[in-house]
Amino acid sequence: MNKLPISRNEGLIFDIETIKSLRQLGIVGYLSGTLPLSTQQNNFLGVPLRLLFEELLYVTVHHPEYFIVPDDVMFQGLYASLTDDDLHRIRQFAEKEHNQRLETKRKEFEAKMSQLRTNGKKIPDSAMIYNTEKEPVFHEIKNTSNHIPNIETWNDHFDQPEVQTKLLLQLLQSRPNLSHSLTDYLIFSHLRSNGYFITAGLRFGGKFVAYPGDPLRYHSHLIIKPVYNGEKIELKKLVNGGRLATAVKKVYVIAGLTNKIDVDGFGSQLQPNPKEFIKSLEAGPVKTFSFEWAGFG
Amino acid sequence: MLDGRNQRCAILLDEEDREMRKPYLDSCLHSDASQPTTMPESDYDASDDEIQDWSVVLSLADQKVPKRGEKDYEPLEGDYDSRNLLEAQGAMFQALEAKKRGFTCNPGQELRYTIRFNRRNQSFYILNAQGKFLDSMGKTDGNQKTWFTKFEALYLIERGTCRITYGEDNSYTLSLEECYTVMLTEDGDIDKYNVYSHLKRNGYIVLEYTLLSTEKETRNFYKDTNIHSVYDKPLFRYTFTNYSTIFYNLQLDIYNRDNVSSAPISQLHICFNVWKPQVNFQKKIPPLPDFQVSVINIENYNFPTLNDISHLLSQANTTLTTSRNPVSNLKFGNENVIIATVDHGLFNFIKLSRTDFHSHGLIWDDKWLKRKHRRAKNLQFSNVYWKSWVNSIRDSLRLLTLRWDSVEA
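In C-alpha cells:
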C-alpha cells in the first residue's frame with residue numbers, strides 16, 4: 001500500500017505496512033494514537049502515525065510510487081456511493097470474519113476438551129459441543145478501511161498525475177506561510193539526503209531534531225533552526241541555542257538558503273508541475289552553521 | 001554444552017530484568033485505576049531522549065522475555081548495528097500489530113457499546129450505555145441516551161471500548177481511519193485530540209471546558225473599593241513602630257485596577273477542564289478543575305500576547321492549593337492556565353499563572369518582633385509589658401521613625 005492519507009492537510013498513516021515502508025525511506029513520523037496492547041500509558045503509542053508537512057512533501061516529491069489521498073473527501077464520496085449490493089458484500093465480509101473467529105475458537109475448545117478426556121477426566125458428551133450461540137463475540141475496529149470493496153477504485157481515482165498535482169497544490173496552499181514552509185522543506189530534504197533522520201524539534205526548541213540513524217537506536221545530534229530570508233539572527237539567540245544544545249550534548253545548527261525564494265513568483269511556476277518545481281529548488285544550495293558553547297571555564 | 005549454559009544465564013538475567021520492570025508493567029496493566037504519579041510535563045522530560053525499547057511493551061502480549069536495549073551515539077560499520085536496529089524495529093512493528101483493537105461482549109449486548117453518530121450535527125450517543133468509562137465521560141439524558149463529545153467518542157473507539165457502525169443493521173464497523181476523518185472535522189481538532197488522549201491515558205479526568213456555574217471565588221482578600229495611591233494617604237500622620245505597618249501603608253491596589261477593564265477578546269480559548277484522578281467524581285456537578293488546558297499549535301501561533309493571556313485567565317477558574325509558604329503561593333498565583341503547545345503530535349505543557357502580589361498582602365514579616373513578643377509573653381510581664389515593648393521597638397527603629405511633629409518643625 002503506497003497510499004498517504006491526508007485529512008485536513010495533516011498526513012495520518014493508519015496502515016502498518018505503509019509505516020514500515022516509510023521507515024525504510026527514513027521517514028519516521030510520530031506515532032500518536034493509543035496502542036491497543038497497552039492503552040493506559042504514553043511511552044509507547046500506536047497508529048496513526050502523524051507526518052510532518054516536510055515528510056509528506058518529501059515522500060511525494062521523491063518517491064512517485066506514493067500518492068496522496070484526501071480521506072475527508074474520499075469517505076464522503078464513498079459513503080454517498082455505497083449501494084445495497086456493496087453493503088451486502090460488506091456484511092458478508094464481516095460475517096465471514098466472524099465465522100472464522102468462531103471456527104478457531106471452536107477448534108481450540110475441542111482440542112482442550114479432548115486433551116482433558118485423554119487425561120482421564122469424565123466429561124459428558126453434551127459438554128463437548130461448542131455452543132456458538134452464547135459465545136462472546138469480538139468486535140474489531142480495524143486500523144484502515146482497506147477491506148471496503150470499492151476502496152481500490154477510489155484510491156485509483158486519486159492516483160492520477162493530474163489529481164496528484166492538484167492535491168499537492170492544495171496542500172501547499174494550505175500552509176500559513178508558504179515561503180517559510182518551503183525553506184523548512186529544503187533544509188529537511190538537504191539533511192535527509194545527507195543521511196539524517198529528522199523529527200519535529202519541539203522537545204529542544206528547534207524546528208527539527210536530526211538523528212544520525214533511526215531514532216529507535218541512536219541519540220539525536222543536531223537541533224536545527226531555520227533562518228528565513230532576510231531574517232536577522234539575534235546574538236542572544238546564539239547564546240541561548242548554543243548553551244542549551246551543549247547542555248543536552250547536541251549541536252545547535254542554523255540553516256538557510258543562499259537563494260532567495262520568490263513567493264510572488266510561485267503561482268505561475270508551481271502551477272504546471274509542482275514536483276519538478278520543488279526539485280529544481282532543491283538544486284539550490286543550503287548553508288548550515290553549527291555552534292557550540294565554548295565555556296573557556 | 002556452552003550454549004546451554006549461556007542460555008541459562010540469559011534467562012536468569014532476563015528474569016531479573018522483568019523484576020526490575022515490574023512496577024512499570026503493573027502500571028500498564030491496571031488500566032483505569034492507574035494513578036499518574038507524575039505530571040505530564042515531567043513525564044515528557046524523562047522520555048525526551050531516552051530509548052524507546054518496544055520489546056518492553058511487547059512482553060505484555062506474549063510472555064516473551066523483554067530484552068534490554070540501549071541507544072548508541074551513532075551508527076557503526078558492520079552487522080552488529082544493523083542487527084540491533086532490525087530487532088528494535090521488529091519489536092516496534094510487532095507491538096503495533098500484536099493486539100487487535102476491539103471489544104468482546106455477549107451476543108445481543110453489542111449495542112451498548114455502539115456509538116450512534118449523526119454526521120449532520122456531529123453528535124454522538126449510546127443507548128443504554130454501560131461501563132466504567134461512564135464515571136467520567138458522557139452526559140446521560142432522560143431517554144437513556146448518553147451523549148459524548150467527539151473527543152470522548154474517538155478516544156473510546158481508539159481504546160477499543162466502543163465502535164461506530166455504518167448502516168442501520170450495524171453490519172459494518174467504521175475503521176479507525178474513517179473515525180479520525182469523519183469525527184475530527186475542524187482544523188486543530190487533531191491537536192486537541194492528541195492532548196486530550198494523552199491526558200486520558202495518563203489517568204486524568206478530562207471534560208470539555210465549560211465555565212462552571214460555581215461563582216469565581218472572591219480572591220481579593222484586601223478588597224478596597226477605593227482605588228488609591230500612596231500619595232492619597234497622609235503618611236506623616238502616623239507613627240510607625242515597625243516595618244510591617246510601613247509596608248502595609250505603602251501598598252498599591254494594583255489588582256483591583258486591573259480588574260476594572262473588561263476581559264479582552266482573543267482567538268485562544270481554554271479547551272479542557274482537567275481533574276486529578278479521584279474516586280467519587282461527579283461529572284454532573286464537578287468540583288472546580290485542578291487544571292485548565294488551552295491547546296496552541298506552534299505553527300499558527302506565537303507566544304500568547306498580553307491580550308490572549310488576560311482573556312485566558314479571565315476564563316480560568318481552578319482549585320487553589322494554598323500552601324503555608326507565602327512564596328510558593330505567589331508562584332502559583334490565583335489564576336492559572338496550562339498551555340499545551342503542539343508540534344505535530346509532540347507537545348509541551350506550560351503553566352501560566354498570574355502572580356498577584358497585592359492579594360497576598362504583606363509578605364514582610366518582622367521576625368525579630370515576634371521573637372521578642374514571645375519571650376515577653378513567656379516572662380509574663382503583664383504590667384510593664386506594653387510599655388517596655390514599645391520602648392524597645394522605638395529604640396531599635398529610632399532612625400526610621402517619622403513623626404508628625406518633626407515634619408511640622
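In the order they appear, the protein sequences are chains A and B.
Positions 1 to 297 (this note's numbering) are the ones given, in order, by the first sequence.
Positions 1 to 409 (this note's numbering) are the ones given, in order, by the second sequence.
Even glycine gets a Cβ: it sits at the ideal position worked out from N, Cα and C.
As the structure is a computational prediction, the values presented were derived from the model and not from experiment.
Where residue i meets chain B, residues with beta-carbon distance less than 7 Å
i        : result
Asp71/A  : Glu177 and Thr181
Ala210/A : Within 7 Å Cβ-Cβ: nothing; Ala210/A doesn't reach chain B, min ~12 Å.
Pro48/A  : Tyr180
Glu10/A  : Ile190
Ile233/A : The contacting residues do not exist; Ile233/A stays about 18 Å from chain B at best.
Ile90/A  : Ser171 and Tyr172
Phe197/A : Going along chain B, no residue has its Cβ under 7 Å from Phe197/A, so there is no contact; the nearest lies around 10 Å.
Phe75/A  : Glu178, Thr181 and Val182
Residue i classed as buried or exposed, judged by whether at least 16 other C-beta atoms fall within 10 angstroms
i        : result
Trp430/B : What is shown of chain B runs 1 to 409, which leaves residue 430/B out entirely.
Val195/B : buried
Val327/B : exposed
Gln349/A : Lying before the first or after the last residue shown, residue 349/A is absent from chain A, which here runs from 1 to 297.
Ile233/A : exposed
Met128/A : exposed
Gln282/B : exposed
Thr149/B : buried
Arg415/B : Residue 415/B is absent from the structure shown; chain B starts at 1 and stops at 409.
Ala33/B  : With a pLDDT of only 38 at Ala33/B, under 50, the local geometry of the prediction cannot be trusted, and no value is derived from it.
Glu158/B : buried
Pro5/A   : buried
Thr199/A : buried
Ala153/B : buried
Tyr79/A  : exposed
Ile339/B : buried
Neighbour list for residue i in chain A, Cβ cutoff strictly below 7 Å
i        : result
Phe436/B : Look at the range of chain B in this structure, 1 to 409, and you will see that residue 436/B is not part of it.
His311/B : Per Cβ cutoff of 7 Å: no residues; His311/B is ~22 Å from chain A at best.
Gly142/B : Simply none; closest approach about 28 Å.
Ser197/B : Thr34
Pro75/B  : Pro212, Gly213 and Tyr218
Ala98/B  : Leu37
Arg159/B : Thr34 and Thr39
Under 8 Å from the C-beta of residue i: neighbouring residues of chain B
i        : result
Arg117/A : In chain order: nothing, as chain B lies at least about 27 Å away.
Thr144/A : Ser175, Leu176 and Glu177
Leu52/A  : His344
Under 8 Å by beta carbon: chain A residues contacting residue i
i        : result
Arg163/B : His139 and Ile141
Arg201/B : Thr34, Thr39, Gln40, Gln41 and Asn42
Gly333/B : Residues of chain A passing the Cβ test: none, with the nearest at roughly 25 Å.
Asn300/B : Pro176
Asp343/B : Ala200, Gly201 and Leu202
Leu85/B  : Gly213, Asp214, Leu216 and Arg217
Whole-angstrom C-beta distance between residue j and residue i, which should lie under 8 Å
i        : j        : result
Tyr30/A  : Leu346/B : 6 Å
Thr181/B : Thr114/B : Rounded, the Cβ-Cβ distance is 19 Å, inconsistent with contact.
Val206/B : Phe272/B : 5 Å
Ser145/A : Ser175/B : 4 Å
Pro176/A : Tyr196/A : Not confirmed; about 26 Å, so no contact.
Ser220/A : Val209/A : 5 Å
Gln89/B  : Phe44/A  : Actually they do not touch by this definition, with Cβ atoms about 14 Å apart.
Phe103/B : Thr173/B : Between Thr173/B and Phe103/B the Cβ distance is about 11 Å, and since that is not below 8 Å, they are no contact.
Contacts of residue i in chain A (Cβ-Cβ under 9 Å)
i        : result
Ala95/B  : Leu35, Leu37, Ser38, Phe44 and Gly46
Gln89/B  : Lys20, Arg23, Asp214, Leu216 and Arg217
Ala153/B : The contacting residues do not exist; Ala153/B stays about 12 Å from chain A at best.
Arg354/B : Within 9 Å Cβ-Cβ: nothing; Arg354/B doesn't reach chain A, min ~25 Å.
Contact test: residue i Cβ vs the ligand NAP heavy atom, cutoff 7 Å
i        : result
Val390/B : No copy of the ligand NAP appears in this structure; indeed no ligand is present at all.
Listed by chain order, chain B residues near residue i by CB distance under 9 Å
i        : result
Phe14/A  : Ser175, Leu176, Glu177 and Tyr180
Ser290/A : Under the 9 Å cutoff, chain B gives no residues; its nearest Cβ is about 16 Å from Ser290/A.
3 or more residues per run - each beta strand (DSSP E) lying fully within the segment 109-159 of chain A: Within the segment 109-159 of chain A, the complete beta strand (DSSP E) segments of 3 residues or longer fall at 137-140, listed in chain order.
Is the segment 284-294 of chain A close to the segment 241-248 of chain A, with three or more CB pairs under 8 Å? Judged by Cβ distances under 8 Å, the segment 284-294 of chain A makes contact with the segment 241-248 of chain A, as three or more pairs qualify.
Which runs of the alpha helix (DSSP H) at least 4 residues long sit entirely within the segment 256-336 of chain B? Give them in chain order. Taking only runs of at least 4 residues, the alpha helix (DSSP H) segments lying wholly in the segment 256-336 of chain B are 306-315 and 326-332.
With a floor of 3 residues, list each beta strand (DSSP E) that falls wholly inside the segment 230-286 of chain A, ordered by position along the chain. Counting whole runs of 3 or more residues, the segment 230-286 of chain A contains the beta strand (DSSP E) stretches 251-257.
What are the complete alpha helix (DSSP H) segments, minimum 4 residues, inside the segment 70-158 of chain B? If we require 4 residues or more, the alpha helix (DSSP H) runs fully inside the segment 70-158 of chain B come out as 79-97.
Kindly confirm or deny that the segment 36-52 of chain A and the segment 201-212 of chain B touch, where touching means at least three C-beta pairs closer than 8 Å. The segment 36-52 of chain A makes contact with the segment 201-212 of chain B, as at least three CB pairs between them are under 8 Å.
Which residue spans inside the segment 52-99 of chain A form an unbroken alpha helix (DSSP H) run of at least 4? Qualifying alpha helix (DSSP H) stretches, in chain order: 53-62 and 71-81.
Is there contact here, the segment 75-89 of chain A with the segment 58-66 of chain A, by at least three beta-carbon pairs under 8 Å? The segment 75-89 of chain A and the segment 58-66 of chain A do not touch, with fewer than 3 CB-CB distances between them shorter than 8 Å.
Flag this pair as touching only if the segment 223-240 of chain A and the segment 148-156 of chain A have three or more C-beta atom pairs under 8 Å; answer yes or no. The segment 223-240 of chain A makes no contact with the segment 148-156 of chain A: fewer than 3 CB pairs, one atom from each, lie closer than 8 Å.
At 3 residues or longer, what runs of the beta strand (DSSP E) sit wholly inside the segment 176-224 of chain A? The qualifying runs are 197-200 and 208-211.
Would you be able to state if there are at least three C-beta pairs under 8 Å between the segment 19-29 of chain A and the segment 44-51 of chain A? Put simply, the segment 44-51 of chain A touches the segment 19-29 of chain A. At least three CB pairs are less than 8 Å apart.
When the Cβ atoms of the segment 313-321 of chain B are set against those of the segment 284-303 of chain B, are three or more pairs found closer than 8 Å? Here the segment 313-321 of chain B lies against the segment 284-303 of chain B, with 3 or more beta-carbon pairs under 8 Å apart.
Do three or more CB pairs link the segment 130-148 of chain A to the segment 88-108 of chain A at distances below 8 Å? Because the criterion of three Cβ pairs below 8 Å is met, the segment 130-148 of chain A and the segment 88-108 of chain A touch.
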